[in-house]
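From first to last, the protein sequence lines are chains A and B. Number 43 in numbering that gives the first Met the number 0 belongs to position 44 of the first sequence; there are no gaps in the numbering. Number 81 in numbering that gives the first Met the number 0 belongs to position 82 of the second sequence; there are no gaps in the numbering. Report on the structure given below.
Number of protein chains: 2
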Amino acid sequence: MEHNHTLNVELGNRSYPIFIGSGLLLQPQLLSQYVKGRTALIVSNTTIAPLYLEQIQNSLDSQNIQHDCVIIEDGEQFKTLEAVQTIITTLLERKHNRQTTLIALGGGVVGDITGFAASVYQRGVNFIQIPTTTLSQVDSSVGGKTGVNHILGKNMIGAFHQPQCVIADISTLKTLPDREFSAGLAEVIKYGLAHDAAFFEWLEQNITKLIARDADTIAQAVLVSCQTKADIVSLDERESGIRAILNLGHTFGHAIEATMGYGNWLHGEAVATGMVMAVDLSYRQQWIDHSVRQRTIDLLQKAQLPVTSPSDMTVDQYMNAMSIDKKAVNGTIKFILLKSLGESIVTSDYDPALLKQTIIHS
Amino acid sequence: MEHNHTLNVELGNRSYPIFIGSGLLLQPQLLSQYVKGRTALIVSNTTIAPLYLEQIQNSLDSQNIQHDCVIIEDGEQFKTLEAVQTIITTLLERKHNRQTTLIALGGGVVGDITGFAASVYQRGVNFIQIPTTTLSQVDSSVGGKTGVNHILGKNMIGAFHQPQCVIADISTLKTLPDREFSAGLAEVIKYGLAHDAAFFEWLEQNITKLIARDADTIAQAVLVSCQTKADIVSLDERESGIRAILNLGHTFGHAIEATMGYGNWLHGEAVATGMVMAVDLSYRQQWIDHSVRQRTIDLLQKAQLPVTSPSDMTVDQYMNAMSIDKKAVNGTIKFILLKSLGESIVTSDYDPALLKQTIIHS
Chain A
0 MEHNHTLNVE
10 LGNRSYPIFI
20 GSGLLLQPQL
30 LSQYVKGRTA
40 LIVSNTTIAP
50 LYLEQIQNSL
60 DSQNIQHDCV
70 IIEDGEQFKT
80 LEAVQTIITT
90 LLERKHNRQT
100 TLIALGGGVV
110 GDITGFAASV
120 YQRGVNFIQI
130 PTTTLSQVDS
140 SVGGKTGVNH
150 ILGKNMIGAF
160 HQPQCVIADI
170 STLKTLPDRE
180 FSAGLAEVIK
190 YGLAHDAAFF
200 EWLEQNITKL
210 IARDADTIAQ
220 AVLVSCQTKA
230 DIVSLDERES
240 GIRAILNLGH
250 TFGHAIEATM
260 GYGNWLHGEA
270 VATGMVMAVD
280 LSYRQQWIDH
290 SVRQRTIDLL
300 QKAQLPVTSP
310 SDMTVDQYMN
320 AMSIDKKAVN
330 GTIKFILLKS
340 LGESIVTSDY
350 DPALLKQTII
360 HS
Chain B
0 MEHNHTLNVE
10 LGNRSYPIFI
20 GSGLLLQPQL
30 LSQYVKGRTA
40 LIVSNTTIAP
50 LYLEQIQNSL
60 DSQNIQHDCV
70 IIEDGEQFKT
80 LEAVQTIITT
90 LLERKHNRQT
100 TLIALGGGVV
110 GDITGFAASV
120 YQRGVNFIQI
130 PTTTLSQVDS
140 SVGGKTGVNH
150 ILGKNMIGAF
160 HQPQCVIADI
170 STLKTLPDRE
180 FSAGLAEVIK
190 YGLAHDAAFF
200 EWLEQNITKL
210 IARDADTIAQ
220 AVLVSCQTKA
230 DIVSLDERES
240 GIRAILNLGH
250 TFGHAIEATM
260 GYGNWLHGEA
270 VATGMVMAVD
280 LSYRQQWIDH
290 SVRQRTIDLL
300 QKAQLPVTSP
310 SDMTVDQYMN
320 AMSIDKKAVN
330 GTIKFILLKS
340 LGESIVTSDY
350 DPALLKQTII
360 HS
């Protein structure tokens, strides 16, 4: 299989390409053609910077683009307004103007912080996503959701701000620890479960090769995931409708992340368990049969992801955390639930007693 | 003259009305019809809250809208990311969801902070502007520019986020101190100077009545100012063109505010002096004759506004502060300069030596 692909997120004058392939970071023009001004600020973290920062700096140097960088600490617990403040201070100290471009080099945390900083600096400057983790390549770098956490809730401060382009170099996944690689697969599996039964079946057949880091299989999984996300985002940029199905597992998952403390459960791990809970509630509602629930658990387990709720988390902790979910309306929590494998709905029309059962038994 | 007027800012699906009149805060439905959900958060400051907060709370109570409030300290020096953080913490503690509405009750600082908090809370919720100062009624509450200051530059962190409506109750100006009332007139005079020679002449004829707080004259000045701003914003929401002329005097003015310390010079005072400097530079460029310069100074002085630069501010301090102005491109500072009375342009095509002369002699 040929590794290099270009997808397009169709959003009128905010449309942009996603480049997926191997060795893309070694192509200086690919990046520089999307840096409109003559200046850039690279944002990365302490884990990724030692591996890839120099490549990006060399690319910019070779195209005579002036650049600065900000290195933030690695971890969801650092996805805060303070990190945004740090980036903006550097931008001002180095006199970056409205024509500058922010470049996010790292995983979802770096992308979310950088995108949000770009959206608010001087009321909005350009930015480019260079995702280096499975999770960010298949999900968070595409679609323009940016933001940071508040101690009382995940992603509660943010903006919709679309990048100029996304460069997903799958070579960078080689350096990713197993735990993080698996966490990203949770979002890959989500696309199949929520929206594409055939892709779910392909994943069932290829999960062993994925976990073994087979390059062709990874490229295919990233490609289908990005294509699905791009299609849905094009239909519903601001999540007033169908885009919400991409939050399958996230209402439960965010509650786990917030309650257990950001960074203790990886986002993908919490989403994996959250998807099992969503599927379990769908099953208790008698919308799907037992086999869908079991296949979901089997696939997530083969992807080396957790499928049971933290043993010490109470019903009250879930309900409290979920009541401030962004999808909540007047205190009613909305969930993404399955009508069948590959078909999901956003609904508040579920039996609260069954929800409680799901939480107790998960 | 009839005091009650409705203007419309035409921005497609982001269009909204501006209500201008006396006693508007005593009409509960006017406000409540624009609160879409059943919850609201009022943001005000320590000066305005004792005067008008109860009226707003009573209005919401009478319409069965649940509400909370955040009172911030009064002054430009409190227009910070920390104030936004405080608002968001209250929203989360009180479990406000995406359907909530933020209500800004106060001057430009309250409006800018509240609008920005609304733009980033859960990636965007509704907000309503209830401006209670001349400056905010004629300028900052209209047009969707929101944001906060960074210690290195004014309004460097922000977003474009349009309100649901603007309620400009000119009765609230009665409680405004003279110094603040005059500061707002700087922006009124700006509309005449930058865009409307006939209005400038009307102001020359009516400045004494304005300063004497004649209600009809104030209502007329607010109306024409809002109409001019609404027209320009409708043409150029994101300031890619003509909207920039509304920054006449602001490049110099922001430099004065930042260098002298926020809150020491009121925004309108700095803009008044900044306009004199812009007019002076236009005169030195031989684009306008001496009479325009003199009439500008005379009108501003009659409005009890400062017309000379702080005596201890150096050329370097101006140049340093202005080089990070949002309009700067690759180190070149853009100014709004006059081609004639009521006709202005955005330009970087001026003689730097004359700019230096303007700074030294202002």
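Glycine is no exception: its CB is placed at the ideal position from the N, C-alpha and C atoms.
Query raised in the report: In chain B, what lies closer than 8 Å to Y120 (chain A) by C-beta?
Result: As a working note, residue 120 (chain A) is residue 121 in the first sequence. Within chain B, the residues near Y120 (chain A) are M155 and I156.
Query raised in the report: Does I112 (chain A) have its Cβ less than 9 Å from a Cβ in chain B?
Result: Against the first sequence, residue 112 (chain A) aligns to sequence position 113. It does not; no Cβ of chain B falls within 9 Å.
Query raised in the report: Can you tell me the Cα-Cα spacing of I344 (chain B) and S224 (chain B), whole angstroms?
Result: Counting from 1 along the second sequence, the entry for residue 344 (chain B) is found at position 345. Counting from 1 along the second sequence, the entry for residue 224 (chain B) is found at position 225. Roughly 19 Å between the two C-alpha positions.
**Report entry** Cβ neighbours of Q356 (chain B) in the same chain (closer than 7 Å, five flanking residues each side left out)
**Finding:** For the purposes of this step, residue 356 (chain B) is taken as residue 357 along the second sequence, with counting starting at 1. Closer than 7 Å at the Cβ level, and outside the excluded window around Q356 (chain B), lie R283.
Query raised in the report: When you compare only the Cα positions, how much space is there between G341 (chain B) and L247 (chain B)?
Result: On the second sequence, residue 341 (chain B) is found 342 positions in, with the first residue counted as 1. On the second sequence, residue 247 (chain B) is found 248 positions in, with the first residue counted as 1. Roughly 11 Å separates the two Cα atoms.
Requested in this report: Kindly indicate the opening and closing residues of the alpha helix (DSSP H) around K371 (chain A).
Outcome: The question about residue 371 (chain A) has no answer, for chain A in this structure spans 0 to 361.
**Report entry** Integer Cβ distance of A39 (chain A) from H66 (chain A), believed to fall under 8 Å
**Finding:** Taking the first residue of the first sequence as 1, we reach residue 39 (chain A) at position 40. Taking the first residue of the first sequence as 1, we reach residue 66 (chain A) at position 67. Yes, A39 (chain A) and H66 (chain A) are in contact; Cβ-Cβ is about 5 Å, under 8 Å.
Query raised in the report: Hey, does I231 (chain B) have any beta-carbon neighbour from chain A nearer than 9 Å?
Result: If you number the second sequence from 1, residue 231 (chain B) lands on position 232. Chain A contact via Cβ: absent.
Query - Contacting residues, own chain, Cβ-Cβ under 8 Å from F115 (chain A) (five flanking each side not counted) - result: On the first sequence, position 116 is the one that residue 115 (chain A) refers to. Answer for F115 (chain A): V83, T145, G146, V147, I156, G157, A158 and H160, listed in chain order.
**Report entry** DSSP beta-bridge partners of W264 (chain A)
**Finding:** Along the first sequence, one-based indexing puts residue 264 (chain A) at 265. Answer is A:Y261.
**Report entry** Complete runs of the beta strand (DSSP E) confined to the region 31-61 of chain A [at least 3 residues]
**Finding:** 38-44
Query raised in the report: Just the Cα atoms here: how many angstroms apart are E1 (chain B) and L91 (chain B)?
Result: The sequence position of residue 1 (chain B) within the second sequence is 2, counting from 1. The sequence position of residue 91 (chain B) within the second sequence is 92, counting from 1. Low per-residue confidence applies at E1 (chain B): pLDDT is 49, beneath 50, and the placement is therefore not dependable enough to give any value.
Query raised in the report: Which of the residues in the region 70-84 of chain A, read from start to end, lie with their CB under 7 Å from any CB of chain B?
Result: L80 and Q84
Query - Within chain B, the residues that G260 (chain A) reaches when beta carbons sit closer than 7 Å - result: Along the first sequence, read from residue 1 onward, the residue named residue 260 (chain A) stands at position 261. Simply none; closest approach about 17 Å.
Requested in this report: Give the range of the alpha helix (DSSP H) segment to which Q316 (chain A) is assigned.
Outcome: For the purposes of this step, residue 316 (chain A) is taken as the residue at position 317 of the first sequence. Start and end: V314 to M321.
Report task. Step through the CB atoms of chain B and report whether any lies within less than 9 Å of the CB of G252 (chain A). Result -> Here residue 252 (chain A) is taken as the residue at index 253 of the first sequence, counted from 1. Answer no: the Cβ-Cβ gap between G252 (chain A) and chain B never drops below 9 Å.
Report task. Would you mind sorting T99 (chain A) into buried or exposed? The rule is 16 or more other CB atoms within 10 Å of its CB. Result -> Counting from 1 along the first sequence, the entry for residue 99 (chain A) is found at position 100. Buried: at least 16 other Cβ atoms inside 10 Å.
**Report entry** Backbone secondary structure at L247 (chain B) - three-state DSSP
**Finding:** If you number the second sequence from 1, residue 247 (chain B) lands on position 248. Residue state, collapsed to three classes: coil.
Query raised in the report: Taking three-plus beta-carbon pairs below 8 Å as touching, is the region 308-316 of chain A in contact with the region 14-29 of chain B?
Result: no
**Report entry** Residue closest to T133 (chain B), alpha-carbon to alpha-carbon, out of B:V141, B:N57 and B:I127
**Finding:** Working through the second sequence from its first residue, we reach residue 133 (chain B) at position 134. Checking every option, the nearest Cα to that of T133 (chain B) belongs to B:V141.
Query raised in the report: Which of the three DSSP states, helix, strand or coil, is assigned to V306 (chain B)?
Result: For the purposes of this step, residue 306 (chain B) is taken as residue 307 along the second sequence, with counting starting at 1. The answer is coil: DSSP assigns V306 (chain B) none of H, G, I, E or B.
Query raised in the report: Closer than 9 Å, CB to CB, is L101 (chain A) near chain B or not?
Result: Here residue 101 (chain A) refers to the residue found at position 102 when the first sequence is read from its first residue. Output row for L101 (chain A): interface = no.
Query raised in the report: Going by the C-beta, is D311 (chain B) closer than 8 Å to any heavy atom of the ligand PLP?
Result: Looking at this structure, you won't find the ligand PLP or any other ligand, since it has none at all.
Query raised in the report: Since I335 (chain A) is in the beta strand (DSSP E), which residue starts that stretch and which ends it?
Result: The residue given as residue 335 (chain A) occupies position 336 in the first sequence. F334 to S339 is the span of the beta strand (DSSP E), which, as asked, contains I335 (chain A).
Query - Beta-carbon spacing of I55 (chain B), I102 (chain B) below 9 Å - result: Mapped onto the second sequence, residue 55 (chain B) falls at position 56. Mapped onto the second sequence, residue 102 (chain B) falls at position 103. Yes; because the gap between Cβ atoms is below 9 Å, this pair is in contact.
**Report entry** Per-residue contacts from I87 (chain A) into chain B (C-beta, under 8 Å)
**Finding:** Here residue 87 (chain A) refers to the residue found at position 88 of the first sequence. Ordered by position in chain B, the residues that pass the 8 Å Cβ test against I87 (chain A) are H149, M155 and I156.
Query raised in the report: What are the boundary residues of the alpha helix (DSSP H) that G114 (chain B) is part of?
Result: As a position in the second sequence, residue 114 (chain B) is number 115, starting the count at 1. Here the alpha helix (DSSP H) through G114 (chain B) covers G107 to V119.
Requested in this report: Can you tell me which of the three DSSP states G74 (chain B) falls into?
Outcome: Residue 74 (chain B) sits at position 75 when you count from the first residue of the second sequence. Note: G74 (chain B) maps to coil in three-state DSSP.
Query raised in the report: Since T100 (chain A) sits in a beta bridge, which residues does DSSP pair it with?
Result: As a first step, residue 100 (chain A) is located in the first sequence; it is residue number 101 there, counting from the start. Paired residues: A:A39 and A:N125.
Query raised in the report: When the Cα of L209 (chain A) is compared with those of A:L184, A:T85, A:Y190 and A:L10, which residue comes out closest?
Result: Working through the first sequence from its first residue, we reach residue 209 (chain A) at position 210. Per the Cα distances, A:L184.
Query - Residues of the region 126-141 of chain A with Cβ closer than 9 Å to any Cβ of chain B, in chain order - result: none
Query raised in the report: Taking Cβ positions only, does E92 (chain A) come closer than 9 Å to chain B?
Result: Your numbering for residue 92 (chain A) matches position 93 in the first sequence. E92 (chain A) counts as touching chain B.
Query raised in the report: In chain order, what residues of the same chain lie with their CB nearer than 6 Å to the CB of L299 (chain A), ignoring the 5 residues before and after it?
Result: Working through the first sequence from its first residue, we reach residue 299 (chain A) at position 300. Only A271 and V306 meet the Cβ criterion.
Query - C-alpha gap between M318 (chain A) and A193 (chain B), whole angstroms - result: Looking up residue 318 (chain A) in the first sequence gives position 319. Looking up residue 193 (chain B) in the second sequence gives position 194. When rounded, the distance between both Cα atoms is 56 Å.
Query - Backbone secondary structure at E256 (chain A) - three-state DSSP - result: Reading the first sequence from its first residue, position 257 is the one you call residue 256 (chain A). E256 (chain A) falls in the helix class under three-state DSSP.
Query raised in the report: Nearest to G252 (chain B) by alpha carbon, out of B:G152, B:D111, B:L29 and B:N12?
Result: By 1-based counting over the second sequence, the position of residue 252 (chain B) is 253. If we check each option's Cα against that of G252 (chain B), B:G152 comes out closest.
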